[in-house]
Amino acid sequence: MKSAVIVFPGSNRDRDTADALELVSGKRPAMVWHADSELPDVDLVVVPGGFSYGDYLRCGAMASQSAIMKEIKAHADKGGLVLGICNGFQVLTESHLLPGALMRNAGLKFVSRPVTLTVEETQLSFTRKYGKGQHVSFPAAHGEGNYYADTETLDRLEGEGRVVFRYAPGDNPNGSVRDIAGVMSEKHNVMGLMPHPECVVDPLLGPPDGLPLFQSLVEALS
Amino acid sequence: MKARVFITLKNGVLDPQGKAIGHALNGLGFGSVGEVRQGKVIDLELSETDAAKAKAELKAMCEKLLANTVIEKYEIELKS
Chain S
1 MKSAVIVFPG
11 SNRDRDTADA
21 LELVSGKRPA
31 MVWHADSELP
41 DVDLVVVPGG
51 FSYGDYLRCG
61 AMASQSAIMK
71 EIKAHADKGG
81 LVLGICNGFQ
91 VLTESHLLPG
101 ALMRNAGLKF
111 VSRPVTLTVE
121 ETQLSFTRKY
131 GKGQHVSFPA
141 AHGEGNYYAD
151 TETLDRLEGE
161 GRVVFRYAPG
171 DNPNGSVRDI
181 AGVMSEKHNV
191 MGLMPHPECV
201 VDPLLGPPDG
211 LPLFQSLVEA
221 LS
Chain Z
1001 MKARVFITLK
1011 NGVLDPQGKA
1021 IGHALNGLGF
1031 GSVGEVRQGK
1041 VIDLELSETD
1051 AAKAKAELKA
1061 MCEKLLANTV
1071 IEKYEIELKS
């Protein structure tokens, strides 16, 4: 699996994401600066977590205008895989690669704690190593993770099996509509989620619930 | 030419900050305050002198960057 991790000014989960990718694939991902206008030849692009451009204007709004985003859109248009985690999810919604928007947490507080998620879809490149309905625990660390889309969009997402992760009942940390934690593009090749699977890939840090996500990608791309 | 852009959440989109402001005002004794919605104001200076062209340009700016039209609406005010 050949992968790239995009680095924006203010990204802070880029190196952990690269470590997770290297752990499962044995290959160090290319680290691509946001101002670059070319992507290396890769199967997977990851837009990592952090606070790109200091969250100015709206989270992910500035990053969505970066030079590299044109290349990421072209990669996605060709069916290439794109994963956005936390700020990366915000960047992908601001870029219209994923539907909906991520708003200020309903409780107005930054949330930093493990959350339990239900894996809703397991036929995908991103989640095939999980069981359907499986509960996993990923750390959440965000102030603006409150997923919103209009009712028509939500119904379509659910009808098309594009809600990939939901917060487990009673564990919605941010007021996301219908407990949505992660969604997928129409062509099933772009996924974004708020909690951090890349933080839980080493048993030293607790149950490695994030590992199957990265292993799914390796298997899908082999 | 100067312009002011108002960006607010669309009707029906939950505004927790507006709610918190409303609660705080009620707590201060401003009992007449009902729903509160908050937003952003952006002031811009433009070299464009034609009002119609400036407005069209500002609209494009709002659609492309200043507002996220999934959740926000915008109003443009020109000041000559």
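Chains S and Z are the protein sequences, given in the same order.
Going by our numbering, the first sequence wraps up at 222, each residue one higher than the last.
Going by our numbering, the second sequence wraps up at 1080, each residue one higher than the last.
Every residue, glycine too, gets a C-beta built ideally from N, C-alpha and C.
Contact belief for residue i with residue j at Cβ below 8 Å, rounded distance in angstroms
i               : j               : result
T116 (chain S)  : D202 (chain S)  : That pair is no contact at about 20 Å.
L1066 (chain Z) : A1003 (chain Z) : The pair is not a contact, with the Cβ atoms about 11 Å apart (cut-off 8 Å).
V218 (chain S)  : D209 (chain S)  : With 8 Å as the limit, V218 (chain S) and D209 (chain S) do not qualify as a contact, their Cβ atoms being about 17 Å apart.
C86 (chain S)   : G49 (chain S)   : 3 Å
V1033 (chain Z) : F1006 (chain Z) : Wrong, their Cβ atoms sit about 20 Å apart, outside the cutoff.
E38 (chain S)   : S64 (chain S)   : Not confirmed; about 18 Å, so no contact.
F45 (chain S)   : V82 (chain S)   : First, the residue type needs correcting, since residue 45 (chain S) is Val and not Phe in the sequence shown. Contact holds; Cβ gap of about 5 Å.
Cβ neighbours of residue i in the same chain (closer than 7 Å, five flanking residues each side left out)
i               : result
Q215 (chain S)  : V24, K129
Q1038 (chain Z) : D1015, Q1017, G1018, I1021
Y147 (chain S)  : G100, L102, S176, V177, I180
Endpoints, beta strand (DSSP E) assigned at residue i
i               : result
L102 (chain S)  : 101-103
V82 (chain S)   : 81-85
E1045 (chain Z) : 1039-1045
N135 (chain S)  : For the record, residue 135 (chain S) in the displayed sequence is His; it is not Asn. Run containing H135 (chain S): 135-142, per the beta strand (DSSP E) assignment.
I180 (chain S)  : 180-184
K1002 (chain Z) : 1002-1009
G192 (chain S)  : 190-193
S3 (chain S)    : 3-7
A63 (chain S)   : Looking at the DSSP string, A63 (chain S) is not in any beta strand (DSSP E), and its letter there is neither H nor E.
Y147 (chain S)  : 146-148
V46 (chain S)   : 44-47
Residue i: first and last residue of the uninterrupted alpha helix (DSSP H) it sits in
i               : result
L154 (chain S)  : 151-159
L223 (chain S)  : Since the displayed chain S opens at 1 and closes at 222, residue 223 (chain S) lies outside it and no answer follows.
H75 (chain S)   : 67-77
V218 (chain S)  : 211-221
L1058 (chain Z) : 1051-1061
P114 (chain S)  : Looking at the DSSP string, P114 (chain S) is not in any alpha helix (DSSP H); the run it does join, the beta strand (DSSP E), is 111-119.
A1020 (chain Z) : 1016-1027
Residue-level contact to chain S via CB, residue i, 8 Å cutoff
i               : result
A1020 (chain Z) : yes
V1036 (chain Z) : no
I1071 (chain Z) : yes
L1058 (chain Z) : no
V1005 (chain Z) : no
V1013 (chain Z) : yes
Chain Z residues whose Cβ lies nearer than 7 Å to that of residue i
i              : result
R104 (chain S) : P1016, Q1017
Contact with chain Z by residue i, beta-carbon distance below 8 Å
i              : result
A101 (chain S) : yes
Y147 (chain S) : no
A61 (chain S)  : yes
L108 (chain S) : yes
Chain Z contact residues for residue i, given Cβ-Cβ distances below 8 Å
i             : result
Q90 (chain S) : The premise fails here: Q90 (chain S) is roughly 10 Å from chain Z at the closest Cβ pair, so nothing lies under 8 Å.
E94 (chain S) : N1068
F58 (chain S) : This sequence places Arg at residue 58 (chain S); Phe is not what is there. Those are N1068, listed as they occur along chain Z.
Own chain, CB closer than 6 Å to residue i, minus 5 neighbours either side, in chain order
i               : result
L221 (chain S)  : M1, D43
A18 (chain S)   : V5, P29
M184 (chain S)  : R162, V164, M191
R97 (chain S)   : A small correction: the amino acid at residue 97 (chain S) is Leu; Arg does not occupy that position in the sequence shown. Contacts found: A76, V190.
V7 (chain S)    : D14, M31, W33
D16 (chain S)   : E198
A1060 (chain Z) : none
Neighbouring residues, chain S, relative to residue i (Cβ below 7 Å)
i               : result
L1065 (chain Z) : A61, Q65
Cutoff 8 Å; reference residue i; Cβ partners in own chain excluding five residues on either side
i               : result
E1057 (chain Z) : L1046, E1048
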